[in-house]
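Student: Plus 1035 on top of the position in the sequence shown (first one is 1) and you've got the working numbering.
Idealized CB from N, CA, C, for every residue including glycine.
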Amino acid sequence: MKLFLTLFFFLASFSSLYANDMEKAAEKSFSFKQLLKSISDPDIKDISFSLPELPKSNENFVLNGDERYFITVLASTREERTKLMKLGLDIQEIYDTKVSGIAHAKTVTLLSEKGYVILSKMALSEYAQNFLKDFPVNDSAYHNYDEMIQVLQSITAQNRDIASLYSIGKSVEGRDIWTLRINTNAKGDKKSDKPGAVFIGAHHAREHLSVEVPLLHAVWLLENRNKPEIKQYIESLDIYIIPMLNPDGAEYDISTGKYKWHRKNMRKNPDGNIGVDLNRNYDFRWGGAGASHHTYSDTYCGPKAFSEPEAMAAKKFFESRNNLKTYISYHSYAELILYPWGGIYEPVENEKDRKVFMVMAKKMATLTGYRDKQSSDLYAATGDATDWTYGNRGVFSFTIELSPSSGWRGGFYPGTSIIEKTVKDNIAAANYLLSVTDNPYKVIVR
Ligand SMILES: [Zn+2]
């Protein structure tokens, strides 16, 4: 195990895929079992990682100077929650009469001025102390950008007949957005007529578990390619797995060895505030309900729709492929299976489509133990990825909020013990999605 891990973390930076890299990559093996085992192996803490050194003091220095708070506010309807989102509160947890989430100091002032009842307020630096035990070093089983590339290269090299790896575009800071494609005849960005399924992780930087699920699903699919059911999906479908849409943000979140609770991309806004919320940057009622126009807010929607290269890369990807039928956008946390609309309260107008959404969501909820809902039942949020992919591209699109269910159970940083169950349950849900991708309408045919 240690030898494997040493190899695993003996990392080089790959910016492009040359044949040599591919050959080297082919020599390493990343089996699904090994990857999962490395996650739950306590020895992992003894390995020295390519991560920054721990600070000597226990002080959470990274978030000192961070002007955000974790607050709880009275709000009991989706309309009230939508207004709070619009004012810049990034809602994480919803209860009957209140919500909790992250707000910039300026948002807190704004809420007070508008008469909202703030039940509790804690500096994010203080709140984050609760998560110190789940410090990045202890969480090294999670894959950073380079480690993700290593795994993708390795499994691609070992399955060259059906897998290819290519970049759909670059991030603000110039990182490639890698895409693993599984298709028995079309490689790279070549077109295919086969029905397509798409899995995208990490629109949001701090949601590291949303990288693990699609990445390990890719490993699992290729490893189980000869199982009759999986073989059938692989032969008949065009499958795309994009584990990290926001690589800059994900790297920034762990760049100092202390989590930064970063959500957005790394856009330097003209006023100095960092980041645009990629999941508010799509062009579906962009900038409307539930999206903030304040650059300091975690839900800042950007200066215009598709202003960000990461969202633009996703746009071009979907627009250049008319064969795509299904899509899961992974997020954390809350344990929810969400379907459109997210930006408006009305249900999907097309009755047939609405039924398909409901049946599929229900099934995936059963497989994961999560709850299924129309997205805007929580609050309306415009400019989100899945509204756009369904509304503009007709793709049956779901947002899955992964485990845990609450901040009490670890929130964005639940540690490594949660990975195995979350990955396995969500692979079952993702495989269900594959099973209906040939014709999603078949789920409502009796
Ligand atoms: Zn998210």
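Buried or exposed for E1088, please, with buried defined as at least 16 other CB atoms from any protein chain shown within 10 angstroms of its CB.
Tutor: To locate residue 1088, count along the sequence shown from 1; it is residue 53. Confidence is the limiting factor: at E1088 the pLDDT is only 36, short of 50, which leaves the residue's position unreliable and the question unanswerable from this model.
Student: Cutting at 7 Å between CB atoms, please list the residues of its own chain near K1408, excluding the five before and the five after it.
Tutor: Here the question's residue 1408 lines up with position 373 in the sequence shown. Closer than 7 Å at the Cβ level, and outside the excluded window around K1408, lie L1371, L1373.
Student: Would you say the beta carbon of E1242 is closer than 6 Å to some non-hydrogen atom of ligand 1?
Tutor: By 1-based counting over the sequence shown, the position of residue 1242 is 207. It does: the Cβ of E1242 is within 6 Å (strictly closer) of some heavy atom of ligand 1.
Student: Does any heavy atom of ligand 1 sit closer than 6 Å to the C-beta of H1366?
Tutor: For this step, residue 1366 is matched to residue 331 along the sequence shown. Indeed, a heavy atom of ligand 1 lies less than 6 Å from the Cβ.
Student: Rounded to the nearest angstrom, what separates P1439 and A1369 at their Cα positions?
Tutor: Residue numbering aside, residue 1439 sits at position 404 when the sequence shown is read from its first letter. Residue numbering aside, residue 1369 sits at position 334 when the sequence shown is read from its first letter. Roughly 6 Å between the two C-alpha positions.
Student: Do you know whose CA, among I1289, H1243, P1249, P1305, lies nearest D1460's CA?
Tutor: Numbered from 1 along the sequence shown, position 425 holds the residue referred to as residue 1460. When each option's Cα is compared against that of D1460, the closest is P1249.
Student: Pull the bridge partners of S1155 from the DSSP assignment, please.
Tutor: Locating residue 1155 in the sequence shown gives position 120, where the first residue counts as 1. According to DSSP, S1155 bridges with T1107.
Student: Give a yes or no on contact between the stretch 1448–1456 and the stretch 1390–1401, applying the rule of three or more CB pairs nearer than 8 Å.
Tutor: no
Student: Flag this pair as touching only if the stretch 1415–1431 and the stretch 1396–1404 have three or more C-beta atom pairs under 8 Å; answer yes or no.
Tutor: The stretch 1415–1431, when compared against the stretch 1396–1404, does not touch it at the 8 Å Cβ threshold.
Student: Taking 7 Å as the cut-off, decide whether the C-beta atoms of I1153 and V1108 are in contact.
Tutor: For the purposes of this step, residue 1153 is taken as the residue at position 118 of the sequence shown. For the purposes of this step, residue 1108 is taken as the residue at position 73 of the sequence shown. Yes; because the gap between Cβ atoms is below 7 Å, this pair is in contact.
Student: Between the stretch 1327–1342 and the stretch 1187–1205, do three or more beta carbon pairs fall short of 8 Å?
Tutor: no
Student: Which residue marks the beginning of the beta strand (DSSP E) containing G1325, and which one marks its end?
Tutor: Taking the first residue of the sequence shown as 1, we reach residue 1325 at position 290. G1325 -> no beta strand (DSSP E), and no H or E assigned at all.
Student: Per the DSSP calculation, R1406 is bridged to which residue(s)?
Tutor: Taking the sequence shown and counting its residues from 1, the one referred to as residue 1406 is at position 371. L1371, per the DSSP bridge assignment.
Student: Keeping to the same chain, check which residues put their C-beta closer than 7 Å to that of D1101; ignore five residues upstream and five downstream.
Tutor: As a position in the sequence shown, residue 1101 is number 66, starting the count at 1. Counting only Cβ-Cβ distances below 7 Å, and skipping sequence neighbours, we find L1159, S1160.
Student: Can you list, in chain order, the residues of its chain with a C-beta nearer than 7 Å to that of M1301? Leave out the 5 residues immediately preceding and following it.
Tutor: Taking the sequence shown and counting its residues from 1, one reaches residue 1301 at position 266. For M1301, where only same-chain residues beyond five positions count, the Cβ hits under 7 Å are V1207, E1208, D1283, G1284, Y1287, I1309, G1310.
Student: Where DSSP assigns a beta bridge to V1233, which residues make up the other side?
Tutor: The count along the sequence shown starts at 1 and reaches residue 1233 at position 198. Answer is Y1275, Y1362, bridged to V1233.
Student: Checking 7 Å against the spacing of the C-beta atoms, do I1274 and A1232 come in under that value?
Tutor: Sequence index remark: in the sequence shown, residue 1274 carries index 239 (1-based). Sequence index remark: in the sequence shown, residue 1232 carries index 197 (1-based). Cβ atoms of I1274 and A1232: closer than 7 Å.
Student: According to DSSP, which residues form a beta bridge with F1433?
Tutor: Counting from 1 along the sequence shown, the entry for residue 1433 is found at position 398. Its beta-bridge partners are I1363.
Student: With respect to 6 Å, is the separation between the Cβ of H1239 and the closest non-hydrogen atom of ligand 1 below this value?
Tutor: Looking up residue 1239 in the sequence shown gives position 204. Answer for H1239: yes, Cβ within range of ligand 1.
Student: Assign Y1287 to one of three DSSP states: helix, strand, or coil.
Tutor: Indexing the sequence shown from 1 puts residue 1287 at position 252. The DSSP-derived three-state label of Y1287 is helix.
Student: Among R1210, R1216, K1205, which residue has its Cα nearest to the Cα of L1187?
Tutor: Working through the sequence shown from its first residue, we reach residue 1187 at position 152. Ranking the options by Cα distance to L1187, first place goes to R1216.
Student: Assuming D1473 and S1271 make a contact with CB atoms under 8 Å, what is their CB distance in whole Å?
Tutor: As a first step, residue 1473 is located in the sequence shown; it is residue number 438 there, counting from the start. As a first step, residue 1271 is located in the sequence shown; it is residue number 236 there, counting from the start. Between S1271 and D1473 the Cβ distance is about 6 Å, and since that is below 8 Å, they are a contact.
Student: Following the continuous beta strand (DSSP E) through D1134, name the residue where it begins and the one where it ends.
Tutor: By 1-based counting over the sequence shown, the position of residue 1134 is 99. Just to set this straight, residue 1134 is Val in the shown sequence, not Asp. Taken as a continuous stretch (DSSP letters only), the beta strand (DSSP E) holding V1134 covers 1133–1139.
Student: Here's the rule: buried if 16 or more other CB atoms are within 10 angstroms of the residue's CB, otherwise exposed. What is K1350?
Tutor: Position 315 of the sequence shown, counting from 1, holds the residue named residue 1350. Buried: at least 16 other Cβ atoms inside 10 Å.
Student: Out of L1124, S1441, W1213, T1144, state which residue places its alpha-carbon closest to the alpha-carbon of A1253.
Tutor: Residue mapping note: residue 1253 aligns to position 218 of the sequence shown, counting from 1. It is W1213 whose Cα lies nearest to the Cα of A1253.
Student: Considering only residues of the same chain and omitting the five flanking positions on each side of Y1151, which have a CB-CB separation below 6 Å?
Tutor: In the sequence shown, the residue the question calls residue 1151 occupies position 116. Counting only Cβ-Cβ distances below 6 Å, and skipping sequence neighbours, we find V1108.
Student: So G1204 is in the beta strand (DSSP E); what residue range does that whole segment cover?
Tutor: Residue 1204 sits at position 169 when you count from the first residue of the sequence shown. 1198–1205 is the extent of the beta strand (DSSP E) around G1204.
Student: Could you check where the beta strand (DSSP E) with I1462 kicks off and where it finishes?
Tutor: By 1-based counting over the sequence shown, the position of residue 1462 is 427. Run containing I1462: none in the beta strand (DSSP E); it sits in the alpha helix (DSSP H), 1454–1471.
Student: What's the C-alpha gap between E1242 and G1236?
Tutor: Taking the first residue of the sequence shown as position 1, residue 1242 is located at position 207. Taking the first residue of the sequence shown as position 1, residue 1236 is located at position 201. G1236 has its alpha-carbon roughly 9 Å from the corresponding atom of E1242.
Student: Using 7 Å as the threshold, is the C-beta distance between A1324 and T1424 below it?
Tutor: In the sequence shown, counting from the first residue as 1, residue 1324 sits at position 289. In the sequence shown, counting from the first residue as 1, residue 1424 sits at position 389. Contact flag unset, no.
Student: Suppose you measure from the CA of S1364 to the CA of K1141; what does that come to, to the nearest Å?
Tutor: Reading the sequence shown from its first residue, position 329 is the one you call residue 1364. Reading the sequence shown from its first residue, position 106 is the one you call residue 1141. Cα atoms of S1364 and K1141: separation of roughly 30 Å, rounded to the nearest angstrom.
Student: State the DSSP-derived secondary structure class of K1350, mapped to helix, strand or coil.
Tutor: Sequence index remark: in the sequence shown, residue 1350 carries index 315 (1-based). Under the three-state reduction of DSSP output, K1350 falls in the helix class.
Student: Kindly indicate which three-state DSSP category T1191 falls into: helix, strand or coil?
Tutor: The sequence position of residue 1191 within the sequence shown is 156, counting from 1. T1191: helix per DSSP, three-state reduction.
Student: Pull up the distance between the alpha-carbon of D1125 and that of N1314, whole angstroms please.
Tutor: Here residue 1125 is taken as the residue at index 90 of the sequence shown, counted from 1. Here residue 1314 is taken as the residue at index 279 of the sequence shown, counted from 1. Approximately 12 Å between the Cα atoms of the pair.
Student: Tell me whether the beta-carbon of I1129 lies closer than 7 Å to the beta-carbon of L1413.
Tutor: Start at 1 with the first residue of the sequence shown, and residue 1129 comes out as number 94. Start at 1 with the first residue of the sequence shown, and residue 1413 comes out as number 378. Yes, these two residues count as a Cβ contact at 7 Å.
Student: State the start and end residues of the unbroken beta strand (DSSP E) segment that holds T1214.
Tutor: The sequence position of residue 1214 within the sequence shown is 179, counting from 1. Looking at the DSSP string, the run of the beta strand (DSSP E) that includes T1214 is 1211–1217.
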